[in-house]
Amino acid sequence: METALTAHGKGATTVIVEIRSERPDDRVAIREVHVRAFGDADAANLVDLLRERKKASISLVAVAGDKVVGHIMFSPITISQAPEDFRGIGLAPLAVLPEYQNRGIGSQLARAGLDVCVQGSYDVVVVLGHTSYYPRFGFSRAKDFGLDNEYNAADAFMALELKPAALRGVRGLVRYAPEFAEVGV
0 METALTAHGK GATTVIVEIR SERPDDRVAI REVHVRAFGD ADAANLVDLL RERKKASISL
60 VAVAGDKVVG HIMFSPITIS QAPEDFRGIG LAPLAVLPEY QNRGIGSQLA RAGLDVCVQG
120 SYDVVVVLGH TSYYPRFGFS RAKDFGLDNE YNAADAFMAL ELKPAALRGV RGLVRYAPEF
180 AEVGV
């Protein structure tokens with residue numbers, strides 16, 4: 000999925016980025032993106048652990064020139080009252096290097112990642128994130144679908160149906176991969 004994108008932001012210079020699947024030689028740069036974006040190693044440790052344990056279902060990078068400037072990952076989730084064939088996935092984490100933020104790169108990563116989720120026949124995506132950011136991609140409060148989460152988050156825990164009425168009859172506690180709790184995220 001090699002696509003050249005132009006990212007714009009308020010007062011920011013234009014940056015041409017390519018969104019593509021993570022490659023093995025991107026790992027050090029991906030770690031740097033998360034450490035610098037979040038100010039600690041928690042998200043970077045989570046990414047490494049999910050990747051190591053083969054739970055990184057989707058992992059995309061944004062590349063400007065030859066530099067990885069952003070990363071997004073999706074991993075499996077479970078919902079306590081869902082059919083056996085239900086396919087849910089969680090978006091976390093999403094990060095962009097501080098000097099590349101506010102230029103639309105995170106939005107491009109999110110849109111590309113959601114497209115890959117649709118192509119992968121997932122039913123729903125959940126995210127625990129900023130209530131002013133994720134609704135632009137179609138996310139809405141998961142509680143309104145009857146979904147709870149392990150973090151006791153209300154408005155910040157959101158869901159996006161990738162198939163019409165995918166959450167009809169699906170209820171209960173959403174659980175992320177155990178690696179999230181293991182690294183304290």
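Heads up, the sequence shown is in numbering that gives the first Met the number 0, so the first residue is 0 and it goes up one at a time. Where a beta carbon is used, it is the ideal one built from N, C-alpha and C, also for glycine. The structure presented is a predicted model; accordingly, all values stated were derived computationally and were not measured.
Span of the alpha helix (DSSP H), counted from its first residue to its last, around residue i
i      : result
Gly171 : Counting along the chain, Gly171 falls outside any alpha helix (DSSP H), though it belongs to the beta strand (DSSP E) covering Arg170 to Tyr175.
Ser120 : Taken as a continuous stretch (DSSP letters only), Ser120 belongs to no alpha helix (DSSP H), as it is neither H nor E.
His33  : Arg26 to Phe37
Phe194 : The chain is shown only over 0 to 184; residue 194 falls outside these bounds and no answer can be derived.
Cβ-Cβ distance between residue i and residue j below 8 angstroms
i      : j      : result
Leu127 : Tyr150 : yes
Pro97  : Ala42  : no
Ile88  : Cys116 : yes
Ser56  : Ser20  : no
Lys54  : Ser79  : no
Delimiting residues of the beta strand (DSSP E) encompassing residue i
i      : result
Ala55  : From DSSP, Ala55 is part of no beta strand (DSSP E); its letter is neither H nor E.
Phe156 : Phe156 to Glu160
Glu17  : Val14 to Ser20
Ser74  : Lys66 to Gln80
Pro92  : Gly87 to Val95
Cβ distance (whole Å) where residue i is taken to contact residue j below 8 angstroms
i      : j      : result
Ala155 : Thr130 : 6 angstroms
Ala94  : Ala36  : 4 angstroms
**Prompt:** Do the region 114-129 and the region 22-36 touch if we need at least three Cβ pairs shorter than 8 angstroms?
**Reply:** Between the region 114-129 and the region 22-36 there are fewer than three inter-stretch CB-CB distances shorter than 8 angstroms, so the stretches are not counted as touching.
**Asked** Touching or not, the region 161-180 and the region 134-146, by the rule of three or more beta carbon pairs under 8 angstroms?
**Response** Touching, per the Cβ criterion.
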